[in-house]
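Asker:
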Amino acid sequence: MRVPEPQTPRRAGSFAVGRVVGGGGMAAVHLGRALDGSGEVVALKIIKDDLSRLPGYLTMFHDEAAILGRMQHPNIVRTLESGVAGSHRYIAMELLLGRTLAEVFDRVCLADFALPPKLVAWIGARVAAALHYAHVLEDEHGVPLHVVHRDANPSNIVLTYDGEVKLIDFGLAKAARRNTSTEDGIIKGKVPYLAPEQILEEEVDARTDIFTLGATLWETLAMRRLFKRDTDLETIHAIREGHVPALAEVAPRCGVELAEVVTKCLARERRDRYASAEMVAAALDAIHDKGGADNAFVLRRLLDRTFPGEREQRVRWRTDPIGVPGG
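Residue numbers (our numbering): 180 to 506.
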């Protein structure tokens, strides 16, 4: 006889649990309202109960919560608290109103127009700055944690309607002293954005994230997939082969300088990539700064154009007394 799935709790720590607004196979994302009278609305990532019972996944969840709890960076989603609600584990985070870069990419491709190269450089610089912050993060004793995100692909980069860029989902992040380790034969991360060393199950480091960011930027500029093939096996073969079409030829509008930065990020051998994400951020900032544009404004306008009417719809999440308890 199948044991019924426990109901989603009505309360998670300091927050009342509201309606589902997102999620995937591992967790559901609910709206949550603060119970302290402030009325703050947050995003509650609530882990599915069957996964909560798996020792390995539970450890991974606690690792993510511990890592996120130490992070305070303008380009990383802010974590408010984490804990247990009934039989469910949850993480309360700031509510990001916007779309992922993956969603923007798909919509832009359908509309047959391209993102401005300088805007892409600016977005990339913000993600690189977030990655560098994670890479040099220290514990409470000042000991480096050597955090590697391992999955900084377009689905984990949020572009908000306020013109912000936020890196999310450190669920696969690897820290030097975290409790979980990669199981034999299991590759962590979204396959088309894996670095060669991840496929070979070698030790990862900051340059692994730089490769993933490079693949993300290449695709966003070229408006086509880089390594993705019909099957994961074919995709892995393409990454191992390491052929990267010249960006200056595929997307000449991006310019030589930007093409060179992205190409260096995608070097097959780690020693040939940038030594740090901070260097990537500096190189990309130097490119977009030349345009003098207000990139946050450009991003806001782009999202309004690409997803018309959605900003107002999602802003109502913060005030909807029906969808969020306690209104």
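Even glycine gets a Cβ: it sits at the ideal position worked out from N, Cα and C. What you are looking at is a predicted structure, and each value in this text was computed from that prediction instead of being measured.
Hey, how far is the Cα of Gly216 from the Cα of Val494?
Answerer: Answer to the nearest angstrom: the Cα atoms are 20 angstroms apart.
Asker: For Glu457, name the three-state secondary structure that DSSP assigns.
Answerer: If DSSP states are grouped into helix, strand and coil, Glu457 belongs with the helices.
Asker: In terms of residue numbering, what span does the beta strand (DSSP E) encompassing Val220 cover?
Answerer: Here the beta strand (DSSP E) through Val220 covers 220-226.
Asker: Taking just the CA atoms, how far does Trp301 sit from His467?
Answerer: C-alpha separation (whole angstroms): 6 angstroms.
Asker: Does the stretch 278-291 touch the stretch 445-455, meaning 3 or more C-beta pairs lie closer than 8 angstroms?
Answerer: Flag = no, the stretch 445-455 and the stretch 278-291 do not touch.
Asker: Quick check on His267: buried or exposed, where buried means 16 or more other Cβ atoms within 10 Å of its Cβ?
Answerer: Answer is buried; the Cβ neighbour count reaches 16.
Asker: Classify Ala304: buried if its beta carbon has 16 or more other beta carbons within 10 angstroms, exposed otherwise.
Answerer: By the neighbour-count rule (16 or more Cβ atoms within 10 Å), Ala304 is buried.
Asker: Does the beta-carbon distance from Val256 to Leu396 come in below 9 angstroms?
Answerer: In this structure, Leu396 does not lie closer than 9 angstroms to Val256 by Cβ.
Asker: Are the CB atoms of Val196 and Leu223 nearer to each other than 9 angstroms?
Answerer: Yes, they are a contact pair.
Asker: Determine, using beta-carbon pairs with one atom in the stretch 307-325 and one in the stretch 251-265, whether at least three such pairs fall under 8 angstroms.
Answerer: With a cut-off of 8 angstroms, the stretch 251-265 and the stretch 307-325 count as touching, because enough Cβ pairs lie within range.
Asker: Pick from Val263, Ile246, Ser334, Val327: whose alpha carbon is nearest that of Ala281?
Answerer: Out of Val263, Ile246, Ser334, Val327, Ser334 has the C-alpha closest to the C-alpha of Ala281.
Asker: Any idea if Asp341 is buried or exposed, counting beta-carbon neighbours within 10 angstroms, 16 or more meaning buried?
Answerer: Answer is exposed; the Cβ neighbour count stays below 16.
Asker: Using the DSSP secondary-structure output, state which residues sit across from Met239 in a beta bridge.
Answerer: Partner(s): none; Met239 has no beta bridge.
Asker: Taking contact to mean at least 3 C-beta pairs separated by less than 8 angstroms, is the stretch 388-406 in contact with the stretch 428-445?
Answerer: Flag = yes, the stretch 388-406 and the stretch 428-445 touch.
Asker: Compare the C-alpha of Asp228 against each of Arg479, Met205, His209 and name the closest.
Answerer: The residue with the shortest Cα to Cα distance from Asp228 is Met205.
Asker: Going by CA-CA distance only, name the one from Gln492, Asp348, Arg404, Leu478 that's closest to Ala430.
Answerer: Closest by alpha carbon: Arg404.
Asker: Taking 9 angstroms as the cut-off, decide whether the C-beta atoms of Arg447 and Pro375 are in contact.
Answerer: In this structure, Pro375 lies closer than 9 angstroms to Arg447 by Cβ.
Asker: Please list, in chain order, all residues of the same chain as Gly218 whose beta carbon is under 7 angstroms from its beta carbon, the five residues on each side excluded.
Answerer: Arg212, listed in sequence order.
Asker: When DSSP labels each residue in this structure, what does Lys407 get in the three-state scheme?
Answerer: Lys407: coil per DSSP, three-state reduction.
Asker: What does DSSP give as the partner residues of Arg249 in its beta bridges?
Answerer: DSSP output for Arg249 lists no bridge partner at all.
Asker: How long is the line joining the alpha carbons of Cys433 and Arg278, rounded to whole angstroms?
Answerer: Going by the C-alpha atoms only, they are around 23 angstroms apart.
Asker: At the level of alpha carbons, what is the spacing between His209 and Arg497?
Answerer: Looking at the two C-alpha atoms, the distance is approximately 12 angstroms.
Asker: Compare the Cα-Cα distances from Asp388 to each of Thr187, Asn332, Asp411, Glu260 and report the closest residue.
Answerer: The residue with the shortest Cα to Cα distance from Asp388 is Asn332.
Asker: Any idea if Leu274 is buried or exposed, counting beta-carbon neighbours within 10 angstroms, 16 or more meaning buried?
Answerer: Under this definition Leu274 is a buried residue.
Asker: What does the alpha-carbon distance come out to for the pair Ala475 and Asp483?
Answerer: Their Cα atoms are separated by approximately 12 angstroms.
Asker: To test your reading of the DSSP string, which unbroken alpha helix (DSSP H) runs of 4 or more residues are found completely within the stretch 269-311?
Answerer: Within the stretch 269-311, the complete alpha helix (DSSP H) runs of at least 4 residues are 280-290.
Asker: Could you give the residue range of the alpha helix (DSSP H) that holds Thr399?
Answerer: Unbroken alpha helix (DSSP H) run through Thr399: 385-401.
Asker: Which residues bound the beta strand (DSSP E) around Leu519?
Answerer: For residue 519 there is no data in the structure shown, the boundaries of the chain being 180 and 506.
Asker: What separation, rounded to the nearest whole angstrom, lies between the Cα atoms of Phe240 and Glu428?
Answerer: Straight-line Cα distance between these residues: approximately 43 angstroms.
Asker: Assuming Glu260 is part of the beta strand (DSSP E), what are its boundary residues?
Answerer: Counting along the chain, the beta strand (DSSP E) containing Glu260 begins and ends at 258-264.
Asker: Which residues in the same chain have their Cβ closer than 7 angstroms to the Cβ of Gly393, if we skip the five residues on either side of it in sequence?
Answerer: Only Val441, Cys444, Leu445 meet the Cβ criterion.
Asker: Keeping to the same chain, check which residues put their C-beta closer than 6 angstroms to that of Ala191; ignore five residues upstream and five downstream.
Answerer: Hits under 6 angstroms: Leu223, Ala264, Tyr269.
Asker: What number of angstroms, rounded off, separates the C-alpha of Ser193 from the C-alpha of Gln186?
Answerer: Cα-Cα distance, rounded: 18 angstroms.
Asker: Looking only at C-alpha atoms, which of Ala465, Leu481, Val315, Phe349 sits nearest to Gly248?
Answerer: Out of Ala465, Leu481, Val315, Phe349, Phe349 has the C-alpha closest to the C-alpha of Gly248.
Asker: To the nearest angstrom, report how far apart Arg490 and Glu381 are at their CA atoms.
Answerer: Roughly 43 angstroms between the two C-alpha positions.
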